[in-house]
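Engineer: FYI, the numbering for the sequence shown is -20 to -1, 1 to 786, going by mature numbering (1 follows the signal peptide of the UniProt record, and there is no 0). Where is the CB? At the ideal position from N, CA and C, for every residue including glycine. Keep in mind it's a predicted model, so treat the numbers as computed, not measured.
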Amino acid sequence: MLIRTLALFCLLLSVTGLFTGCGGAEERKAEHLERGIKFFEERNFDKAKVEFKNVLQIDPKVSKSYFYLGQIEEARKNWRESFGFYQKAGELDPTDTGAKVKLAKLYMLARQLDQADALLNDVLSIEPGHIEARMVKAGLASLKGNQADAIDELTRIAGEQPSRAEAFLILAMLYTQQNKLDEAEKVLERGVKANPGDIPLRTGLAELSVRMKKYEKAENIYKGMVSADPANFENRKLLSEFYIQRKRWGEAEKAYREAIDVRPDDSRRYILLAEFLARTGKSDEAVAELHKAIGVYPEKSDLRFALARLYEQRKEGARAGRIYQDIVALNKRAPDALKAKNRLALLALAEGRADKATAWVDEVLEANPADRQALLLQGRIALYRKDSQKAIAAFRTLLKDQPDSWQTLNLLAAAHILDGKPALARESLEKAVAANPDGFEASKKLVEFLAAQKNYTLALEKLEEFLKRHSDHLDALVLKSEILAAAGKYSEQEFVLKGIKARFPENPAGTFLLGRFYRSQKKYDAALAEFEESLGKPGKDYEILKAIFGTCVEQGQAEKGVRRLKAVLTNDPKHGGAYQLLGLYYLGEKQEAEAVRFLNKAIESNPRWLLPYANLGAHYEQTGRPKRALEVYHRALEAVPGEPGVLMNLARVYEISGDYETAIKHYESILKANPGNMLARNNLASLLSIDESRKDRLERALELAREFDRTEEPVFWDTLAWIYYRKGEYDKALTLQLKTAEKSPGVPIFQYHLGMIYLKRGERAAAAEQLQKAVNSGREFTGLEDARTALMSAKEGSRDGARPGR
């Protein structure tokens, strides 16, 4: 989009300068400054920072070093540090107009407009023609609502100095904000004519052309940029993204491949091709492309990192882990090895293996005690372990060096919530928003926290502060509608949803959300009208059709919904979604033949869509036909080999059927690809602990379940407790089982397990009480007959005072 946030003013405008000196310390100072500027211009900020600090060690009063340090921190969005450096530069050299302009921009970002205005006036009193100050002043006028003044000044600047491309860009942005697209187009065309080689101007014109639906013009601009500089990767990337936006997948892929042909040694090109293939449903091809590139350039770690990330996206954690371990082996103690170890720690933590995650983090910190990612992971591991104090200490330590890290502030807030300190959590979330006022994620966290506290008024106020700067932010507007719904302000919610529909006419989200709103208000005709309008817009339509059918059913007009779905099939006989919805309807109507026919049609229409398989298989399970269910799930596995969800279904049915060995095999396959699948770990651990005589299996079960007590799932606690029971560790088993029973009272299998643990401990009265509850529940559970036998034993022993053998 051409429209930019306020930060555009800060990114488009820059001031540079030179400082020289001679003789002894002066000569060394000049050399460091010169090298620093060179590194800065190459965007090698780490080396530049070292050189500028060397200058300040020789002479702490060199304002230019502070100015450059400010620019480095500004580029990194470390606003607080940047502000401090610019302020110091201005103090040391009151005539440094560049520092004052930079400070003015930061004041603008913080919405402290009066301070920004004062600084700009000061600069313009010294140098009335100062271009940067005049452009920032125009931006300030725009923020104050004086759009006409801003446009007039920028028009003058563009006329006086047509080589200042940023003046044309900002002027076009202001026209675009007023929806004067023709004026914006004229401005950008003048800018391109005056600056034919300026990429941001040409990109801006292309983006505006897309917005104006002048797609051929936009394509020609992008192609012209590629022709002018064939080796320029960013230009080819823009062309590819244009094709993706237009859903011209073949041309997008061709553009990515041509980019590789021009510079086959540039690993970024392979990575972007792979990411594109993965996004467009060609994940296997993406993996193959990266493997091929690694074969040619085995020394390029970024290719391996990209492959590992792709495996993570595919939920193949084990394969991702092997790639990261390869990186470690190839790089030893190099930075890439530390980065890979941090990724391994993240994978382990996601898999619930906190001890392994800690081991990886410890290795990183041994090599580099200041590694921020590892220090952050220390805090996240503490959060996982519910150790709020350790997490708080870790995050506070990190914030000492980077007080404006909004991500760390959000994590600190989570630690305070865990610690039961909502006031401190809110304080951290508000600091996060102050540190990242233009980032939606920070504002969203704060707003959701306030909404969870039922402080809807303040939640809406905070969201409005964000929307004042980003009035067209779709996710923020949707969140506003949700908060209004929670607060019961339905008329205001309707107004917001109508606004979304008007602002985003090509996006089906507006009409769909408005339709859902009317459906919740039982205004069914209005809801159906909105849903039908959504169908006419680009995008997937299954959820829309589902909403239309559901609305008809709620109206008591199911047949009307059936007719609508069949009309869809008349137009598109291979519409899998319509078949799927009809299949579900007929299942509910107990018309099995029709239901099975339609679900099979859905499968035939799109063999890789797993939902119809799941519904058909579940139907056979629920009606006591496990063999038929297995047939369905095996068909799904043929269509999507290795799919974890299908393997879980197969394992579950084999388990229910009593074929434990086959179930174990499937669970092991799932965990080989994704060790973090907690449900598979739980179910496998349960199966492995059935036979207490198999000590090897009991140890494997314990290895899988060892950290289940750190989760919030009573089912997982029960599994671990039962493993301890099987191993004869009754005290550990009792502690966990009591916790399980307290969290989930009245569950027969939990009562049975608790009773058996009491029985082994010789507490027969307590055992009899729990076993009686389980038996009397009237519900079937694994071990019911054992529970009845044990109950008799507990009652007999209770009468004669005998203790059981251990």
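My parser needs the alpha helix (DSSP H) runs of 4 or more residues fully inside the region 135 to 167; what are they?
Structural biologist: Here the runs fully enclosed are 145 to 157.
Engineer: Closest by CA to L398, which one among D367, L438, N580 and L440?
Structural biologist: Cα-wise, what sits closest to L398 is D367.
Engineer: Between the beta-carbon of Y202 and the beta-carbon of R226, is there less than 8 Å?
Structural biologist: Not in contact: Y202 and R226 (Cβ atoms no closer than 8 Å).
Engineer: Verify whether the separation of the beta carbon atoms of N390 and L378 is less than 8 Å.
Structural biologist: Contact flag unset, no.
Engineer: Taking the alpha carbon of A5 as the reference point, which residue from T699, G16 and L36 has its own alpha carbon closest?
Structural biologist: It is L36.
Engineer: So, helix, strand or coil for Y87, using DSSP?
Structural biologist: Y87: helix per DSSP, three-state reduction.
Engineer: Pull up the distance between the alpha-carbon of L596 and that of A774, whole angstroms please.
Structural biologist: The alpha-carbon atoms of L596 and A774 are separated by roughly 44 Å.
Engineer: In this structure, how does DSSP classify R321 when only helix, strand and coil are distinguished?
Structural biologist: Per the sequence shown, residue 321 should be read as Lys rather than Arg. Of the three classes helix, strand and coil, the one that applies to K321 here is helix, per DSSP.
Engineer: If we ignore side chains and look at the alpha-carbon of each, how far apart do A145 and D521 end up?
Structural biologist: Rounded to the nearest angstrom, the two C-alpha atoms are 43 Å apart.
Engineer: Which full runs of the alpha helix (DSSP H) of 4+ residues lie inside the region 596 to 684, going along the chain?
Structural biologist: Within the region 596 to 684, the complete alpha helix (DSSP H) runs of at least 4 residues are 606 to 619, 624 to 636, 640 to 653 and 658 to 668.
Engineer: Buried or exposed: where does M772 fall if 16 or more other Cβ atoms within 10 Å of its Cβ makes it buried?
Structural biologist: M772 is exposed by the Cβ-count criterion.
Engineer: By how many angstroms is the C-alpha of A619 removed from the C-alpha of V612?
Structural biologist: Roughly 11 Å separates the two Cα atoms.
Engineer: For E574, which of helix, strand or coil comes out of DSSP?
Structural biologist: E574: helix per DSSP, three-state reduction.
Engineer: Put V427 into one of helix, strand or coil per three-state DSSP.
Structural biologist: Three-state result, V427: helix.
Engineer: Scan the region 696 to 748 and note each continuous alpha helix (DSSP H) run of 4 residues or more that stays entirely inside, going in chain order.
Structural biologist: Segments of the alpha helix (DSSP H) lying fully in the region 696 to 748: 710 to 723 and 728 to 740.
Engineer: Please report the distance separating the alpha-carbon of G656 from that of V206.
Structural biologist: Each residue's Cα considered, the two are about 44 Å apart.
Engineer: Residues in the same chain with beta-carbon distance under 6 Å from A337, minus the five sequence neighbours each way, listed in chain order, please.
Structural biologist: Excluding residues within five positions, the ones whose Cβ falls inside 6 Å are A325, A328, L329 and I361.
Engineer: Taking 7 Å as the line, does the beta carbon of F446 fall inside it for any heavy atom of the ligand SAH?
Structural biologist: For the structure depicted, the ligand SAH is absent and the ligand set is empty, with no information on it obtainable.
Engineer: For A482 versus Q473, is the C-beta distance shorter than 8 Å?
Structural biologist: No; because the gap between Cβ atoms is not below 8 Å, this pair is not in contact.
Engineer: Under 8 Å between the Cβ atoms of I644 and L664?
Structural biologist: Going by C-beta atoms, I644 is nearer than 8 Å to L664.
Engineer: Looking only at its chain, what residues have a beta carbon closer than 6 Å to the beta carbon of L734, apart from the 5 residues adjacent to it on each side?
Structural biologist: Within the same chain, L734 has close Cβ partners Q717, A721 and Q750.
Engineer: Would you say Y436 and A467 are within 8 Å of each other, going by their C-beta atoms?
Structural biologist: The answer is yes: Cβ separation under 8 Å.
Engineer: Taking D178 as part of the alpha helix (DSSP H), name the residues at either end of that continuous run.
Structural biologist: No alpha helix (DSSP H) contains D178, which DSSP labels as neither H nor E.
Engineer: F511 and L561 look like a contact to me (Cβ under 8 Å); what is the Cβ gap, rounded to whole Å?
Structural biologist: F511 to L561, Cβ: 13 Å. No contact.
Engineer: Just to confirm, is the Cβ distance from V548 to G541 under 8 Å?
Structural biologist: Result no, Cβ atoms of V548 and G541 do not sit closer than 8 Å.
Engineer: Would D241 be called buried (16 or more neighbouring beta carbons within 10 Å of its own) or exposed?
Structural biologist: Exposed, by the Cβ-count rule.
Engineer: Is the beta carbon of residue 791 sitting closer than 8 Å to the one on S514?
Structural biologist: With the chain covering only -20 through 786, there is no way to say anything about residue 791.
Engineer: Starting from V30, follow the alpha helix (DSSP H) in both directions and report where the run begins and ends.
Structural biologist: It spans F25 to I38 - the alpha helix (DSSP H) in which V30 sits, taken as one unbroken run.
Engineer: With a 10 Å radius around its C-beta and 16 neighbouring C-beta atoms as the bar for buried, classify P108 as buried or exposed.
Structural biologist: With fewer than 16 other Cβ atoms within 10 Å, it is exposed.
Engineer: Here's the rule: buried if 16 or more other CB atoms are within 10 angstroms of the residue's CB, otherwise exposed. What is G781?
Structural biologist: In this prediction, G781 has a pLDDT of 42, which is less than 50 and means its spatial position is unreliable; nothing more can be read from the coordinates.
Engineer: Apply the 10 Å Cβ neighbour rule to R56 and answer buried if 16 or more other Cβ atoms are within range, or exposed otherwise.
Structural biologist: Answer is exposed; the Cβ neighbour count stays below 16.
Engineer: Under DSSP, the alpha helix (DSSP H) around H555 begins and ends at which residues?
Structural biologist: No alpha helix (DSSP H) contains H555, which DSSP labels as neither H nor E.
Engineer: Give a yes or no on whether the C-beta atoms belonging to A96 and M88 are separated by under 8 Å.
Structural biologist: Their beta carbons are under 8 Å apart, which means A96 touches M88 by this criterion.
Engineer: According to the neighbour-count rule (16 or more other Cβ atoms, all chains shown, within 10 Å of its Cβ), is Y732 buried or exposed?
Structural biologist: Answer is buried; the Cβ neighbour count reaches 16.
Engineer: Let's test the definition: count the other Cβ atoms within 10 Å of the Cβ of H271 and tell me whether it reaches 16, buried, or not, exposed.
Structural biologist: That one is exposed.
Engineer: Starting from V458, trace the alpha helix (DSSP H) both ways and give me its first and last residue.
Structural biologist: Note, V458: alpha helix (DSSP H), L454 to A466.
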